[in-house]
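One structure below.
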Amino acid sequence: MRRWLPWAALWLLLVLVLPDAQAGGGHRNQEADRRRGKRRRDGQGYIRTSEGRSKPLKIRLVPGLNVLENPAGNQGDAGILTFYRGGPELQSSYNVIPGKQSRCEYGGLTMFDLAVWSPSPCVTCLCSEGRVVCDETSCPRMHCSAPATPAGQCCPVCMEPGLELSPELSGDSPVPSDPEEPVAPLTQEEIQRILWREEEEHREEEERLRKKDEARKKRRRERKEREEMQRKMVEERRREEEEALRLQLMKEEEEWRRQIEEAEEKRRQEEERGREEEEKRREEEEKRREEEEERRREEEEIWREEEERRREEEELQREAKEEVEVWLRGDVFQMPSEEEEEEEERLPSPVPTPPAATDELKEEEAGEVEVEEEEEEEEEEEVGSRGSLPPGCDISDVTLTCENARLTHFPPLSVPELKSLSLEGNNISSIPADAFNGIPNLEWINLKKNKLTSAGIDAKAFTGLKMLRRLYLDENLLDMVPPDLPSTLHELKINENNLRGIDENSFQGLSSLVILELEGNLLSEGNVNPRAFAPLIQLSYLRLGRNFFRTVPQGLPKSLLELYLESNLIEEISETVFNQTTNLNVVSLRHNRLDETKIAPMAWFNHRNLESIDLSHNELYLVPSYLPKSLVHLVLAGNNIERIPGYIFAHMDPGLEYLYLSFNKLDGEGIEPESFFGVYHSMTEMCLDHNQLIHVPLGISEMTNLHFLRLDNNRIRSISEDSICDPEQQEEATLVALRMENNYIDPDKVSPSAFSCVRSASSVVLKPQKTA
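Residue numbers (mature numbering (1 follows the signal peptide of the UniProt record, and there is no 0)): -23 to -1, 1 to 749.
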């Protein structure tokens, strides 16, 4: 605005000078009209006098809204007005043109940024960065008696007819009633004063706006700083929380990994220990088998020697019988000389008959000759058969034995009357389809310790054996049960192989099978079909030891009487696993991972035929509850048992007879006075050796039928008179054997009446004892 103010002043000066230089008044009126129009545009206006007045009405105008100069001060731009916005801004109802930045729309017109217009006399609007900002002019208070608002003005003015207003007071040149009357021009001093006043107001307004803008910027900057600080605090807190969460997650992950590593290490150690134990068991089993094999060979050698001796004796008896017959015949007949015998051997001739021979004698002689001829023919056939056997084979009656003969193929045999065949200890790897064609009447086949594979056994190899009862395939390389086994089979042994599973059809058709042994394989509940044992409707004896079962197999046949699952990985016994096998009599679960909490209470409680349970070498800490009512024989050796709960055997009928608790952790407080309640009249044998007992348990003296008692290898220091035998009982002594060695007992301090119930003093073992 400062730029065009000097130009406006110069223009006004020219307006004042030009009327004096011009001769006519028309030009002056035109300049006055131009000035009035300009002032009207600037918002100062004038009051038009009413018609008929000789002089213009002088009024005092209150200045309208001032405008400020653009603070940008660019040299190349036109002056842009910025309205005063110190007061409260009115909310604009004008729309900004969509898609056009820094432009406004009003009344169908497009206003550019910083455009100024007045929609009404008292309102001035500005287009500021796409927004329409309007400001209403504030009018000063009037102190005149008759204020009035002129047309085209927004503020009232004082209307005083008798007052002559000078141009400097009114702010406008009066409009003469007479067009010919000249207009008094403004002086240079008045113009300068007006300009100075406006400039001063503009400077003050600029200063105020500047301060206001600075305050606004300061508040905005402070707000931004606060927001930035809050954002930083939030970000810092978020980072701290993320870091804490990350550290927690890392810690949890590290703990989780550590637990996994510990569990894995523990599992590896257990597996290693299990493998070592398994290897040790296998070595022991191998050693046992070798010993048994050696003993069997020795027995077989002895049997062969006895058989050879028996044959020699039979041969001697036969020769003696022949001699007797010859001598008897010599009495009747005239015996030929040695030369004649040799000649007869060369040229056989008929036997001479005595002169007085009867028909009966002739018949007897003919019968004897026929018997001798038949015996000679049998000997020749037997010699012929043995001559065709492979080396190392021996045949006796209906049994052929080719054990450890280094055979690599199944030998071709043709002995229809053969009943038993043993090919144990060879290197046979296959059995062709026609292997048993020449020996169809076999009842027993022993193929142990060979190299048979499932792929090497033809599917039709055993189909022709209609009388086969027993088949032994132990210690081979089979990975599945051979198919199409004879339905007449009563006993099947496939121990120590590589069986990896049993499907639903593995035992199809074996309805006569009574004994099944599958120990030492790779079987588990995961690869044994629950319906695999369904065809075995007569199975009584089942051995599944040394496998990898974690639970008792499902689907056991109802006919089962004895079940052996020792040396597996069994950890629990469910309530329903023995529901169908109500005829069970013996269950062996030794060398597993059972504890008393994993045995379901009703697993076998109601079984009326179960008499023997072996739970030795497990992880028991207590004698299990809910044992079968019919139990007679209980083996719990090699556990961690610390206590025998009271009345644990009270429900048994007729009562427990054999209890083995050797190698446990029973101490003086582990056996209660009521622990043996219910077995006082039934207990026959009880083993409490290798524990931590410090005295003889209560209740033993009340066992009236006890025959055998072991208390050796404990910490017992004394024996009272009534701890083992009841001194008041006058019945016959029942205790047959008592072992109490390796304790801390002083034999000299034991009362002689302490063993009054022992049948013989020699049956009491007290030495040796430990020294404190």
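Note that beta-carbon positions come from the ideal geometry of N, C-alpha and C, so glycine has one too.
DSSP three-state call for ILE590: helix, strand or coil? Taking the first residue of the sequence shown as 1, we reach residue 590 at position 613. Reduced to three states, the DSSP call for ILE590 is strand.
Same chain only: Cβ atoms within 6 Å of GLU380, ignoring 5 sequence neighbours per side: Along the sequence shown, read from residue 1 onward, the residue named residue 380 stands at position 403. Counting only Cβ-Cβ distances below 6 Å, and skipping sequence neighbours, we find SER399, GLU401, GLY402.
Run through the DSSP bridge pairs and tell me what LYS470 is partnered with. Translated into the one-based positions of the sequence shown, residue 470 becomes position 493. DSSP, once it has assigned bridges, lists TYR449, GLU494 as partnering LYS470.
Given this structure, state the Cα-to-Cα distance separating ASN414 from ASN617, to the nearest angstrom. Translated into the one-based positions of the sequence shown, residue 414 becomes position 437. Translated into the one-based positions of the sequence shown, residue 617 becomes position 640. About 57 Å.
Considering only residues of the same chain and omitting the five flanking positions on each side of VAL392, which have a CB-CB separation below 8 Å? Residue 392 sits at position 415 when you count from the first residue of the sequence shown. Excluding residues within five positions, the ones whose Cβ falls inside 8 Å are SER362, ILE372, LEU377, GLY415, ILE416.
Start and end residues, beta strand (DSSP E) containing CYS121: Position 144 of the sequence shown holds residue 121. Taken as a continuous stretch (DSSP letters only), CYS121 belongs to no beta strand (DSSP E), as it is neither H nor E.
Considering just the uninterrupted stretch of the beta strand (DSSP E) at ASP371, what are its terminal residues? Position 394 of the sequence shown, counting from 1, holds the residue named residue 371. That run of the beta strand (DSSP E) goes 371 to 373.
To the nearest angstrom, how far is the alpha carbon of LEU597 from that of ARG567? Against the sequence shown, residue 597 aligns to sequence position 620. Against the sequence shown, residue 567 aligns to sequence position 590. When rounded, the distance between both Cα atoms is 11 Å.
Beta-ladder partner(s) of GLU549, from DSSP: Within the sequence shown, residue 549 is the residue found at index 572, counting from 1. For GLU549, DSSP records a beta bridge to THR528.
Excluding the five sequence neighbours on either side, which residues of its own chain have a C-beta within less than 8 Å of the C-beta of ALA92, listed in chain order? Along the sequence shown, one-based indexing puts residue 92 at 115. Answer for ALA92: CYS81, LEU103, CYS104, listed in chain order.
For the stretch 466 to 476 and the stretch 486 to 499, state whether three or more C-beta atom pairs, one from each stretch, are separated by less than 8 Å. Flag = yes, the stretch 466 to 476 and the stretch 486 to 499 touch.
For VAL211, which three-state DSSP category applies? The sequence position of residue 211 within the sequence shown is 234, counting from 1. Note: VAL211 maps to helix in three-state DSSP.
So which of PRO388, LEU395, PRO368 has the shortest CA-CA distance to ALA382? Counted from its first residue, the sequence shown places residue 382 at position 405. Closest option to ALA382, Cα to Cα, is PRO368.
Compute the distance between the beta-carbons of LEU587 and VAL563, then report whether it is under 9 Å. Stepping through the sequence shown from its first residue, residue 587 is reached at position 610. Stepping through the sequence shown from its first residue, residue 563 is reached at position 586. Yes. Within cutoff.
Please name the residue in ARG527, SER565, GLU552 whose C-alpha comes closest to that of LEU538. Against the sequence shown, residue 538 aligns to sequence position 561. For LEU538, the nearest C-alpha among the options comes from SER565.
GLU481, DSSP secondary structure in three states: Locating residue 481 in the sequence shown gives position 504, counting from the first residue. Per DSSP, reduced to three states, the secondary structure at GLU481 is coil, with no helix or strand assignment.
Same chain, Cβ closer than 7 Å to GLU318, neighbours up to 5 away in sequence not counted: Against the sequence shown, residue 318 aligns to sequence position 341. For GLU318, the pLDDT reaches just 37, beneath the cut-off of 50, and the residue's location in the model is therefore unreliable, although a value from the coordinates is still provided. Result list for GLU318: empty, nothing under 7 Å.
What is the DSSP secondary structure of MET663, reduced to helix, strand or coil? Position 686 of the sequence shown, counted from the first residue, corresponds to residue 663. If DSSP states are grouped into helix, strand and coil, MET663 belongs with the strands.
When every heavy atom of the ligand SAH is checked, does at least one fall within less than 8 Å of the C-beta of SER391? For the ligand SAH, the structure offers nothing, since it holds no ligand at all.
Is there contact here, the stretch 500 to 517 with the stretch 241 to 255, by at least three beta-carbon pairs under 8 Å? no
Is the beta carbon of LEU608 less than 9 Å from the beta carbon of LEU633? The residue you call residue 608 lines up with position 631 of the sequence shown. The residue you call residue 633 lines up with position 656 of the sequence shown. Result yes, Cβ atoms of LEU608 and LEU633 sit closer than 9 Å.
Just the C-alpha distance for ILE621 and ILE671, rounded to the nearest angstrom, thanks. Along the sequence shown, read from residue 1 onward, the residue named residue 621 stands at position 644. Along the sequence shown, read from residue 1 onward, the residue named residue 671 stands at position 694. Cα to Cα, the separation comes out at about 15 Å.
Which same chain residues, not among the five before or five after PRO124, have their C-beta less than 8 Å away from its C-beta? In the sequence shown, counting from the first residue as 1, residue 124 sits at position 147. So the list reads PRO133, VAL134, CYS135, MET136, once near-sequence residues are dropped.
Going by Cα to Cα distance, which pick from LEU638, LEU476, PRO388 is closest to SER406? Here the question's residue 406 lines up with position 429 in the sequence shown. When each option's Cα is compared against that of SER406, the closest is PRO388.
Check each candidate in ASP451, LEU455, LEU442, LEU419 and name the one with the smallest Cα separation from SER431. On the sequence shown, residue 431 is found 454 positions in, with the first residue counted as 1. Comparing Cα-Cα distances from SER431 to each of ASP451, LEU455, LEU442, LEU419, the minimum goes to LEU455.
What did DSSP end up calling GLU300 once you bin it into helix, strand or coil? By one-based count along the sequence shown, residue 300 stands at place 323. Confidence in GLU300 is poor, its pLDDT being 45 and thus under 50, which makes the residue's placement too unreliable to answer from.
Other residues of its chain near ILE576: CB distance less than 7 Å, five sequence neighbours each side excluded: Here residue 576 refers to the residue found at position 599 of the sequence shown. These residues qualify, in order along the chain: ILE550, PRO601.
Could you give the first and the last residue of the continuous beta strand (DSSP E) run that contains ASP112? For the purposes of this step, residue 112 is taken as residue 135 along the sequence shown, with counting starting at 1. Where ASP112 is concerned, the enclosing beta strand (DSSP E) stretches over 108 to 113.
Can you tell which of HIS584, GLU181, ASN545, ASN569 has the C-alpha that lies nearest to the C-alpha of VAL554? Locating residue 554 in the sequence shown gives position 577, counting from the first residue. Residue HIS584 is the option with its Cα nearest to VAL554.
Using 8 Å as the threshold, is the stretch 698 to 710 in touch with the stretch 650 to 661, meaning 3 or more CB pairs across them? No: fewer than three Cβ pairs fall under 8 Å.
Pairwise C-alpha distance: PHE732 and VAL742: Locating residue 742 in the sequence shown gives position 765, counting from the first residue. Locating residue 732 in the sequence shown gives position 755, counting from the first residue. Straight-line Cα distance between these residues: approximately 11 Å.
Which listed residue (VAL612, GLU649, LEU675, PHE510) has its alpha carbon closest to that of GLU662: Taking the sequence shown and counting its residues from 1, the one referred to as residue 662 is at position 685. Checked all of VAL612, GLU649, LEU675, PHE510; the closest Cα to GLU662 is VAL612.
Between the stretch 712 to 726 and the stretch 684 to 700, are three or more C-beta pairs nearer than 8 Å? yes
Return the first residue and the last residue of the beta strand (DSSP E) that residue 797 is part of. Past the boundaries of the shown model lies residue 797; the chain is included only from -23 to 749, so the question cannot be answered.
Cα-Cα separation, LEU186 to ARG198: Working through the sequence shown from its first residue, we reach residue 186 at position 209. Working through the sequence shown from its first residue, we reach residue 198 at position 221. If you take the alpha carbons of LEU186 and ARG198, they lie about 17 Å apart.
On a CA-only basis, which of GLU473, GLU289, ALA(-15), LEU675 is nearest GLU166? Give me that one, please. Along the sequence shown, read from residue 1 onward, the residue named residue 166 stands at position 189. Per the Cα distances, ALA(-15).
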